[in-house]
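Chemist:
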Amino acid sequence: MAIYTELNVYKSTYNLLYELLAASRSFNRDFKYTLGENLKNEMINAMMYVWRANSNYDKISYIDMARESIEKCRLYIRLLYDLRQISIENYTKWNIAIQNISKQLSGWSKSETEKEIKI
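Take 0 as the starting number for the sequence shown in numbering that gives the first Met the number 0 and just add one per residue.
1) For E111, collect the residues of the same chain with a Cβ closer than 6 Å to its Cβ; drop the 5 residues on either side in sequence, then sort them by chain order.
2) Any contact between the stretch 70-80 and the stretch 92-100? By contact I mean 3 or more CB pairs, one from each, below 8 Å.
3) Here's a check: name, in chain order, each residue in its chain whose Cβ is nearer than 8 Å to the Cβ of F30, leaving out the five neighbours to either side.
4) Would you check if the distance between the CB atom of Y3 and the CB atom of N53 is smaller than 8 Å?
5) Taking the alpha helix (DSSP H) that R66 belongs to, which residues open and close that run?
6) Let's see if you can read the secondary structure: which residues bound the alpha helix (DSSP H) around L6?
7) Short check: CB of M42 to CB of T12, under 8 Å?
8) Thinking S101 and R66 are a contact (beta carbons under 8 Å), I'd like their distance in whole angstroms, please.
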């Protein structure tokens, strides 16, 4: 079992969370405490699910929960862009980061599924 802070998916999720926290300071007050808070909480949830997946034998359920949190984040980011709270540059960069995280989680899930089939 790897140290969770060394997992690429954890690092990618942490980096995105860091960028979102920094950017949320510039959101309008109406969105900072609604969409901004929800987005930050979902990113933190995703990180916790990665930690739980890494430290449990039943990894697939936690990986699936992390994937769900990441998809919620994609929705919140889209809303922030549509509401003109973030630039097209941040929207694009963050969607690429979410896509990267999602692919890593999907690959991890596939790997764990194949391990279960072999057993």
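Backbone N, C-alpha and C define an ideal beta-carbon position, used for all residues, glycine too.
Modeler: In terms of the structure at hand:
1) K58 and I59
2) yes
3) L79, L82 and Q84
4) yes
5) K58 to D81
6) It is not in any alpha helix (DSSP H) - L6 carries neither H nor E in the DSSP assignment.
7) yes
8) 6 Å
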